[in-house]
Structure formats: structure tokens, C-alpha cells
Amino acid sequence: MKTLVIAEHDNSRLATATLNAVTAAARFGGEVDLLLAGHGCDAVAAQAQALAGVTRVLKVDAAHYAEPLVENLAVLVQRVVSEGGYRAVLAGASSFGKNLSPRVAALLDVAAVSDVVAISAPGRYERPIYAGNVMVSVESDQTVDVLTVRTTAFDAVVDGGSAALEALAAGPDLALSRVIGRELSKSERPELGDAAIVVSGGRGLGSGENYHRLLEPLADALGAALGASRAAVDAGFVPNDYQVGQTGKIVAPGLYVAVGISGAIQHLAGMKDSKVIVAINKDPDAPIFQVADYGLVADLFDAVPALTSSL
């Protein structure tokens with residue numbers, strides 16, 4: 000049995016979501032191949048070869064794969080899967096994976112299974128529905144399954160492998176889309192999706208000025224990433240890439256500090272798998288306290304500075 004993982008990368012380094020997907024692919028048993036399509040991506044190929052459990056790295060180097068345009072990638076993946084006889088195709092449940100996987104499934108004429116959190120056996124998967132309140136078992140009798148796997152449910156694979164490198168011919172350049180620019184937010188703090196500690200703020204902070212004044216010193220003291228509820232993002236306190244929740248980023252850090260967040264079901268779906276949850280809210284009936292390991296009913300404008308000063 001062979002399983003194919005689609006590599007997400009920037010031509011310099013693999014995305015963490017791919018490392019989680021490799022761990023998930025190992026649950027199928029048998030060989031795990033990693034398809035790497037890019038341009039000038041020798042460094043990424045070397046990193047991929049070193050991943051434990053990867054049998055082969057299938058490298059496709061062409062100018063039209065310099066950007067991860069899914070129209071071109073989907074056709075390439077279809078060809079590789081059809082010729083390679085794979086039982087499953089996996090990608091991380093990131094924006095990249097969620098954009099690519101349905102297209103691949105449509106080209107292969109199969110149904111895609113998204114946000115998989117457990118693989119019991121080939122063709123038997125678990126995934127959350129209703130904002131994570133219900134877990135469903137999915138059984139598939141398809142000849143090939145196309146999956147996105149939730150990164151918080153699988154550990155990132157470590158180095159220790161020595162996979163073979165095989166060059167494949169490029170697919171066609173369909174020229175259906177192009178990248179005209181990027182606006183990237185840069186921060187010295189950890190990446191939200193990978194951070195071991197996350198400090199998140201909600202509407203209770205009242206303004207973007209209060210968010211930065213109160214939470215940034217706390218995050219710096221803890222070495223934490225900054226997050227936010229959808230309400231805080233919609234109110235313009237912080238950019239969209241700070242959002243934690245069902246329509247934002249799914250996180251599961253070792254410590255999650257929720258400040259002024261009531262705990263709407265959409266937000267809980269994105270952080271309730273955190274190892275330790277600390278909530279600060281002046282409303283004792285706030286839903287966030289139902290999932291918190293430690294709760295402080297207090298005015299955040301007093302509690303947060305006091306907490307920061309004690310660290």
C-alpha cells in the first residue's frame with residue numbers, strides 16, 4: 000500500500016502542516032511518498048528526504064510551480080496518483096490543502112474527506128462537525144481517498160530518514176491564474192499555528208489600542224504568539240491572520256490564555272484542544288470557563304497588568 004503526501008512549501012522550507020500530514024500518512028502503513036512541486040527547491044527536497052518515514056521524494060521542478068497555483072498542481076497530482084497506484088492522498092488542512100484537495104478529488108472522481116483527526120484504518124476516518132461538538136466516523140470504499148488532516152491532531156514528523164529522490168516530468172502550465180503580489184505580516188513572535196503558548200484577546204478589550212497595550216507585554220513575557228477572537232478581528236482590533244476559531248486558525252498549544260473572550264462556539268472549536276487553558280473574564284457565566292483549566296473572574300484591565308508584572 001502506498002500513500003502520497005502533497006508538500007506545502009515556499010521553495011525554501013517545508014510548511015509545518017506537511018510534517019503533520021506525513022505522520023498521518025504513516026497510519027496507513029506501507030510506503031509514504033512526498034510530492035514536491037516547485038522551482039529552485041533543492042533545499043526543500045533535502046529537508047524532505049530527511050523526514051522519518053518518507054520512502055521517496057518525488058520532485059517536479061518547473062518555472063510554473065514557483066508559486067503554489069492549485070490549477071497546475073491539481074492536474075499534476077492527478078497524473079501522479081493515477082500512474083502510481085496510491086491508496087490515499089494527504090495534505091495538511093491549511094489554506095493550501097483546503098484549496099487543492101477538492102480539485103484533486105474532482106479530477107479523480109472521488110469524494111474528499113476534510114479535517115481528518117484520526118485514521119483508524121484505510122477507509123475509516125474521524126472528523127469533527129458542528130464546530131467540533133460532534134465527531135463523526137467516515138467509512139470509504141473508494142479506490143483512493145483524498146484527505147486533509149487537521150494539524151493539531153497529528154504530531155509533526157521528525158528528522159531521521161533517508162528517502163530516495165526521484166525527478167518527475169512537469170505537468171502542463173494551464174495559465175489560469177497568476178500571483179501578482181504578496182503582503183506578508185512579519186513578527187518576531189512565534190507563528191500562531193505553531194506556537195507553544197498563545198495569548199488571545201476578545202471584544203472585552205474594547206479597542207485595538209487596549210489589545211496592544213495589554214496583551215503585547217504579556218505575550219512578550221511568556222514568549223507567546225498573539226491571537227484573537229472573531230469578534231476582535233471583526234471590530235478591527237487586529238488583522239485577520241490573528242483569528243483563532245473555526246473560520247480562523249486551529250491551534251492546540253501547551254498554554255492558551257484567553258483574555259476578554261466570552262467563548263462563542265466558533266472560537267472554542269479552534270482552541271479547545273489546547274493542553275492548558277487559562278481564561279480571564281469578568282462574567283462568571285461566560286462559556287469560556289466551561290473549557291478552561293484555570294479561570295479568573297476579574298476585570299481584565301486590572302488582572303492582565305498584574306499578571307504581566309509578576310512574570
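Heads up: the sequence shown begins at 0 in numbering that gives the first Met the number 0, then just goes up one per residue.
Yeah, the Cβ is synthetic: ideal placement off N, Cα and C, and Gly gets one too.
Quick caveat: nothing in here was measured; it's all calculated off a predicted structure.
Identify the residues that DSSP records as bridge partners of residue i: which are they?
i, result
"His8", "Leu13"
"Glu165", "Leu57"
"Gly226", "Ser199"
"Ser136", "Glu125"
"Leu295", "Ile279"
"Val145", "Val88 and Ala111"
"Ala117", "Glu125"
Can you tell me the Cα-Cα spacing of residue i and residue j, whole angstroms?
i, j, result
"Ala312", "Ser309", "Nothing about residue 312 can be read from this structure; the chain reaches only from 0 to 310."
"Ala44", "Thr307", "43 Å"
"Asp219", "Val197", "11 Å"
"Gly203", "Pro283", "14 Å"
"Val56", "Met134", "33 Å"
"Ala42", "Arg12", "7 Å"
"Glu187", "Leu214", "15 Å"
"Val59", "Cys40", "9 Å"
"Ala155", "Val31", "15 Å"
"Ile276", "Ala305", "19 Å"
"Ser228", "Glu182", "22 Å"
"Ala14", "Ala20", "10 Å"
"Glu208", "Arg123", "48 Å"
"Tyr85", "Leu173", "25 Å"
"Gly96", "Val145", "10 Å"
"Glu82", "Gln141", "17 Å"
"Leu18", "Gly180", "27 Å"
"Arg212", "Asn10", "37 Å"
"Ala195", "Gly269", "15 Å"
"Gln265", "Asp301", "27 Å"
Determine the closest residue to residue i out of the options, with distance taken between C-alpha atoms.
i, options, result
"Val4", "Ala263, Ser11, Asn132 and Ala16", "Ala16"
"Gly131", "Arg26, Pro304, Val232 and Leu267", "Leu267"
"Arg102", "Asp240, Thr147, Gly84 and Gly222", "Thr147"
"Ala23", "Lys97, Thr150, Ser161 and Asp144", "Thr150"
"Phe153", "Ala90, Asp108, Val137 and Glu208", "Ala90"
"Asp193", "Gln46, Arg212, Gly253 and Asn280", "Gly253"
"Lys274", "Val250, Gly226 and Gly160", "Val250"
"His8", "Pro216, Gln46, Val109 and Ser228", "Gln46"
"Met0", "Ala25, Ser228 and Asn10", "Ala25"
"Ser94", "Tyr129, Glu165 and Asp240", "Asp240"
"Ala169", "His63, Ile128, Ala92 and Gly294", "His63"
"Gly200", "Ala174, Val232, Asp172 and Leu173", "Val232"
"Leu50", "Gly180, Gly269 and Leu164", "Leu164"
"Ala263", "Tyr129, Gly222, Pro216 and Pro171", "Tyr129"
"Leu217", "Arg126, Ala257 and Gln265", "Ala257"
"Ala278", "Asp292, Arg126 and Gly29", "Asp292"
"Ala92", "Asp108, Arg126, Leu68 and Ile287", "Arg126"
"Pro171", "Leu221, Leu68 and Gly222", "Leu68"
"Ala120", "Phe288, Gly29 and Ile287", "Gly29"
Can you round the beta-carbon distance between residue i and residue j to whole angstroms, since I take them to be within the 8 Å contact cut?
i, j, result
"Pro189", "Ala224", "5 Å"
"Val106", "Gln77", "Reading off the sequence shown, one finds Leu at residue 106, where the question assumed Val. That belief holds up - the Cβ atoms of Leu106 and Gln77 are roughly 4 Å apart, short of 8 Å."
"Ala6", "His38", "Incorrect: roughly 13 Å between the Cβ atoms, too far for contact."
"Ser139", "Val112", "7 Å"
"Thr54", "Phe27", "Their Cβ separation, rounded to whole angstroms, is 12 Å, which puts Thr54 and Phe27 out of contact at 8 Å."
"Gln245", "Ala162", "Actually they do not touch by this definition, with Cβ atoms about 35 Å apart."
"Ser364", "Ala234", "Outside the shown range of the chain (0 to 310) lies residue 364, about which nothing can therefore be said."
"Val237", "Tyr210", "6 Å"
Should residue i and residue j be called a contact, given that it needs their Cβ atoms to be closer than 8 Å?
i, j, result
"Ser176", "Glu70", "yes"
"Asn280", "Val296", "yes"
"Gly259", "Leu299", "yes"
"Gly160", "Gly226", "no"
"Val143", "Ala87", "yes"
"Ala36", "Leu75", "yes"
"Val290", "Lys271", "yes"
"Ala110", "Ala104", "yes"
"Val80", "Leu167", "no"
"Glu66", "Val157", "no"
For the ligand MG, I want to know if residue i counts as a neighbour, meaning its beta carbon is within less than 7 Å of at least one of the ligand's heavy atoms.
i, result
"Ile276", "This structure lacks the ligand MG, and indeed carries no ligand of any kind."
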